[in-house]
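S.K.: Each residue of the sequence shown is one higher than the one before, starting from 3 at the first, in this note's numbering.
Handing you this structure, nothing more for now.
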Amino acid sequence: MGLFSRLLSELIDVIEWVDNTHDTLVWKFPRNDNAIKMGAKLTVRESQVAIFVNEGKIADIFQPGMYELTTQNMPILTTLEGWKYGFQSPFKVDVYFVSTRMFTNQKWGTKNPVMLRDAEFGPVRLRAFGSYAFRVADAAVFFRQITGTNPVFNVENINEQLRNIIVSRGMDTVAASKIPVLNLAANYDEVGVIIKNNIAPDLAEMGLILTALLVENVSLPPEVESALDKRTQMGIIGNLGAYAQFQAANAIEKSAENSIGGNLGAAGMGLGVGAAMMGQVGNIFKDNHVDAAPPVNDGPPPIKAETQYYVAIDGKPEGPATLEQLKTIIGQKQLGGDTKVWKKGMADWAPAESVDELADLFGNTPPPLA
3 MGLFSRLLSE
13 LIDVIEWVDN
23 THDTLVWKFP
33 RNDNAIKMGA
43 KLTVRESQVA
53 IFVNEGKIAD
63 IFQPGMYELT
73 TQNMPILTTL
83 EGWKYGFQSP
93 FKVDVYFVST
103 RMFTNQKWGT
113 KNPVMLRDAE
123 FGPVRLRAFG
133 SYAFRVADAA
143 VFFRQITGTN
153 PVFNVENINE
163 QLRNIIVSRG
173 MDTVAASKIP
183 VLNLAANYDE
193 VGVIIKNNIA
203 PDLAEMGLIL
213 TALLVENVSL
223 PPEVESALDK
233 RTQMGIIGNL
243 GAYAQFQAAN
253 AIEKSAENSI
263 GGNLGAAGMG
273 LGVGAAMMGQ
283 VGNIFKDNHV
293 DAAPPVNDGP
303 PPIKAETQYY
313 VAIDGKPEGP
323 ATLEQLKTII
333 GQKQLGGDTK
343 VWKKGMADWA
353 PAESVDELAD
363 LFGNTPPPLA
């Protein structure tokens, strides 16, 4: 091989970048000090831009297409080199390819809770996370401001900076939006658009554009979420007094069911105790309010408390139960006339049928059929 042939073999005549990666933003064509000859083929594919750098300065920029390099399509480089009259000698220049495609599914999120003031809850700490997509909008600005002369520049090299901008500007946006914490979930799209627009100037200074920003979740600390869960339960329950009485009624029903076929006297006592409990619970959950002045006793006197009876079941006292409750138990054949009872004022236990107010309850029961 002659000297002329060896010189030709050292000249680069095809310049292109076939991107086999998914995260490369900038890639330097490996010239390795070989000269690029005039008339070399430059291929810039869709979603690429080629930047020619001469002595550290951006010279010519080529958009997607196929070019045969001449002094006519390299006007800036021709001027910098002082070429005249269509100078066709080989030249040396650094070639950088910049990817302008969209880089999607990039993640962002708060590392620590961010303190905000909510109109309803006051100061609250929020965490937020989501995803975003971006691309290079101005290859020259991106090259000057961010990548410089790095031979390879990946998405991960810029992601941390982008995440910090999104979190900083994003949480300011959430605070300024005045959207209540409880309504944020219904306004994720709106918040995402506002954040995207607010950080557009920051990204423009780097030659980038944010094509999408999604807010996937805004959450409160676990202890606050637990308190909200309790508040939600209270809202679903509504009237606590009615709910408590309903629960007490269920307890009475279950007590009666468990006593069928067993201790009939105990069933009656369970009814009495449950009813008393329901009355007490109802009193507890009445609407609480403070009267401006004590009530005036100009009404009728309070109704006298009902007499309470105790019943001897299997040698053990059960009760107390009211007269109405005993009527129910007697009507259900769960209490006989010979069952011993006691009430306040009695010296000792006595058969139920011997007590005046109970005697008529047994006298009205017809005798068994022959």
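Cβ coordinates follow ideal geometry from the N, Cα and C atoms, glycine included.
Tell me which same chain residues have a C-beta within less than 8 Å of the C-beta of residue 173, skipping the five on either side of it?
M.R.: Counting only Cβ-Cβ distances below 8 Å, and skipping sequence neighbours, we find 112, 116, 118, 128 and 130.
S.K.: Could you spell out the range, first to last residue, of the alpha helix (DSSP H) harbouring residue 144?
M.R.: Unbroken alpha helix (DSSP H) run through residue 144: 141-144.
S.K.: Can you list, in chain order, the stretches of the beta strand (DSSP E) that have 3 or more residues and sit fully within the region 13-47?
M.R.: 14-17, 26-30 and 38-46, all fully within the region 13-47.
S.K.: By the 10 Å Cβ neighbour count, where 16 or more other Cβ atoms means buried, how is residue 320 classified, buried or exposed?
M.R.: That one is buried.
S.K.: Considering only residues of the same chain and omitting the five flanking positions on each side of residue 213, which have a CB-CB separation below 7 Å?
M.R.: Excluding positions up to five away in sequence, the list reads 104, 135, 136 and 137.
S.K.: Could you pull out every residue in the same chain whose Cβ sits closer than 8 Å to the Cβ of residue 346, ignoring the five residues on either side in sequence?
M.R.: For residue 346, where only same-chain residues beyond five positions count, the Cβ hits under 8 Å are 309 and 310.
S.K.: In three-state DSSP terms, what is residue 353?
M.R.: Correct three-state label for residue 353: strand.
S.K.: Could you compute how far the alpha carbon of residue 78 sits from the alpha carbon of residue 93?
M.R.: Approximately 14 Å, taken between the alpha carbons.
S.K.: Can you tell me which of 199, 202, 207 and 190 puts its alpha carbon nearest to the alpha carbon of residue 216?
M.R.: Looking at the Cα atoms, 190 is the closest of the given residues.
S.K.: Go ahead and label residue 322 buried or exposed: buried means 16 or more other beta carbons lie within 10 angstroms of its beta carbon, across all protein chains shown.
M.R.: Burial call: buried.
S.K.: What separation, rounded to the nearest whole angstrom, lies between the Cα atoms of residue 22 and residue 102?
M.R.: The alpha-carbon atoms of residue 22 and residue 102 are separated by roughly 15 Å.
S.K.: To the nearest angstrom, how far is the alpha carbon of residue 169 from that of residue 220?
M.R.: Roughly 12 Å separates the two Cα atoms.
S.K.: In three-state DSSP terms, what is residue 173?
M.R.: DSSP places residue 173 in helix when its eight states are reduced to three.
S.K.: With a floor of 3 residues, list each beta strand (DSSP E) that falls wholly inside the region 77-103, ordered by position along the chain.
M.R.: 96-101, all fully within the region 77-103.
S.K.: Under DSSP, the alpha helix (DSSP H) around residue 325 begins and ends at which residues?
M.R.: Counting along the chain, the alpha helix (DSSP H) containing residue 325 begins and ends at 325-333.
S.K.: Name the one or two DSSP bridge partners that residue 227 has.
M.R.: None; residue 227 has no bridge partner.
S.K.: What residues in its chain sit with their C-beta under 8 Å from that of residue 202, if we drop five residues either side in the sequence?
M.R.: Contacts found: 211 and 212.
S.K.: With 16 other CB atoms within 10 Å as the buried threshold, where does residue 76 fall?
M.R.: Looking at its Cβ environment, which holds 16 or more other Cβ atoms inside 10 Å, residue 76 is buried.
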